[in-house]
Ligand code: FAD
Ligand code: ZN
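Residue numbers (this note's numbering): 77 to 550.
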């Protein structure tokens, strides 16, 4: 046994004592699901996968790794789209899965808060809130498997950010195991707390590079009593931006979602998930909108109907389908929610999750499309996203399967076109999915040296050994 392995053997014994031998996985079949990312783009290796059951066990595991000088990769539902939860291929890290920390600790309806373990699946939290007569509004296509700890660590967005904000805005308190094993209990349920630095913000969106989140206090909202959902056919992104402003003027804060879908994106859903289609007419672009709150479904639907009739008259939209039931609304939502899955079935694509000032979105789409088509003939561009948040999913592939491999290999050239324009128009290279290992070099290119150095200083302070999710973000 070489010295490295004997060190590892000692660490493994300590970890087994901390969590119980059956929660320490070292066989390759048992570890495999944890070592590849959701898209199948990254494959890593690990000394072991360890599955602590509570905060004390996470602390013991982290302390043991820190003392052994061994790297740690926190993992939740493993739905990262940028390889953030996949360890490096060198196999020198311990992967810490928080899935067993899965209790709703407390619900305080009067305070409109819920205290939850980090390994709770997002959908479980939505259901728990609903049972208490409240809404937990974070909602995204991966909600059946992603976990709140992962949502916090990526500051996930999703389809209701327009109304309720992203994960950062939904969080009041955190409990975190720091890279040396210390536990910080910041589980406060306060909407006002001006007692120095707001430390929880450091860990939200840190992609597991500063510590392991073990619990959180999140905000709840009243369950909306009424919802109206519509699918609109629209000629251009410019008209979509104008319509968004009109919707906000008419419905104010009741506008819950405004999602842009290109016909190419919709075509993939129709091709691969034919169970979801609803009757929507052909159009180069589509908008899915939802208005919620107010007195009752009928009144809400009538108000939206009046708005849509005017939009049809003025030529702002060319067709509209207004859902007449919850089931119809779900079918419309499936067209939007299934785009990611349909793309996965279709094959690999180059993904960008960018944000821009909403006003610059039409110009971005026009210019970026033009430059990409010029550089890569026969390219397929799949554009959709949360136009109400200025966030686009802007993905590229070649329709011809035989050409796609070579195209994917040209990712740096594709990125350059997309990100240079994003940068020029005042946008960000990641609105939702984060940096992970996929965009690490891009981050260095587009953030100023001052900003990168501030990030590094924070990392050095909290994780001086550089053991927490190394190779991600920075
Ligand atoms: P993982 O993938 O396990 O981890 C993500 C990152 O967080 C990693 O860096 C990991 O190390 C870290 N991490 C995980 N748990 C912890 C913890 N407890 N403490 C510290 N670090 C931790 N994102 C959006 O923002 N909006 C969307 O609409 C959206 N839609 C998606 C749709 C699909 C089909 C898929 C597959 C992904 C989508 N995502 C979306 C990506 C998104 O990042 C995740 O779905 C989710 O937020 C990640 O949660 P997870 O539990 O799977 O985290
Ligand atoms: Zn998204």
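Backbone N, C-alpha and C define an ideal beta-carbon position, used for all residues, glycine too.
Pull the bridge partners of residue i from the DSSP assignment, please.
i           : result
residue 460 : 337, 469
residue 409 : BP columns for residue 409 are empty, so no partner.
residue 247 : 294
residue 101 : 125
residue 262 : 250
residue 223 : 197
residue 398 : 306
residue 436 : Answer is none; residue 436 lacks a bridge partner.
residue 544 : 148
residue 112 : 119
residue 431 : 467, 504
residue 96  : DSSP output for residue 96 lists no bridge partner at all.
residue 234 : 215
When you measure from the CB of residue i to every non-hydrogen atom of ligand 3, does any distance come out below 8 Å?
i           : result
residue 527 : What this structure holds is ligand 1 and ligand 2, not ligand 3.
Do residue i and residue j have their C-beta atoms within less than 9 Å of each other?
i           : j           : result
residue 508 : residue 328 : no
residue 364 : residue 333 : yes
residue 296 : residue 208 : yes
residue 495 : residue 521 : yes
residue 161 : residue 546 : no
residue 424 : residue 115 : yes
residue 422 : residue 501 : no
residue 138 : residue 254 : yes
residue 323 : residue 252 : no
residue 126 : residue 91  : yes
residue 292 : residue 197 : no
residue 437 : residue 310 : no
residue 152 : residue 205 : no
residue 202 : residue 215 : yes
residue 362 : residue 339 : yes
residue 472 : residue 460 : no
residue 225 : residue 290 : yes
residue 342 : residue 463 : no
residue 317 : residue 435 : yes
residue 108 : residue 171 : no
residue 486 : residue 452 : yes
residue 432 : residue 468 : yes
residue 169 : residue 106 : no
residue 479 : residue 445 : no
Going by other Cβ atoms of all chains shown within 10 Å of its Cβ, with 16 needed for buried, is residue i buried or exposed?
i           : result
residue 150 : buried
residue 537 : exposed
residue 301 : exposed
residue 549 : buried
residue 148 : buried
residue 86  : exposed
residue 247 : buried
residue 190 : buried
residue 518 : buried
residue 470 : buried
residue 465 : buried
residue 450 : exposed
residue 155 : buried
residue 299 : exposed
residue 347 : exposed
residue 530 : exposed
residue 239 : buried
residue 275 : exposed
residue 273 : exposed
Between the Cα of residue i and the Cα atoms of the options, which residue gives the shortest distance?
i           : options            : result
residue 217 : 199, 231, 230      : 199
residue 337 : 385, 245, 412      : 412
residue 94  : 422, 257, 264      : 257
residue 176 : 145, 220, 128      : 128
residue 443 : 482, 473, 355, 313 : 313
residue 410 : 429, 350, 378      : 350
residue 416 : 173, 429, 195, 404 : 429
residue 305 : 291, 279, 381      : 381
residue 308 : 395, 274, 441, 264 : 395
residue 113 : 407, 492, 210, 512 : 512
residue 493 : 510, 472, 458, 447 : 447
residue 228 : 260, 383, 281      : 281
residue 284 : 403, 231, 335      : 231
residue 420 : 131, 96, 157, 106  : 157
residue 237 : 213, 180, 457, 370 : 213
residue 543 : 146, 173, 315, 383 : 146
residue 250 : 498, 263, 370, 241 : 263
**3-residue-minimum beta strand (DSSP E) runs that sit fully inside the stretch 122-179, ordered along the chain** = Correct list: 124-126, 147-151, 169-173.
**Message:** List, from N- to C-terminal side, the alpha helix (DSSP H) runs of 4 residues or more that fit wholly inside the stretch 295-369.
**Reply:** Runs of the alpha helix (DSSP H) inside the stretch 295-369: 313-327, 339-348.
**Request:** Any chance you could list the alpha helix (DSSP H) runs of at least 4 consecutive residues sitting entirely within the stretch 180-221, in chain order?
**Result:** Runs found: 198-207.
**Prompt:** Taking only runs of the beta strand (DSSP E) that begin and end inside the stretch 463-530, which ones reach a length of at least 3 residues, in chain order?
**Reply:** The stretch 463-530 contains these whole beta strand (DSSP E) runs: 467-474.
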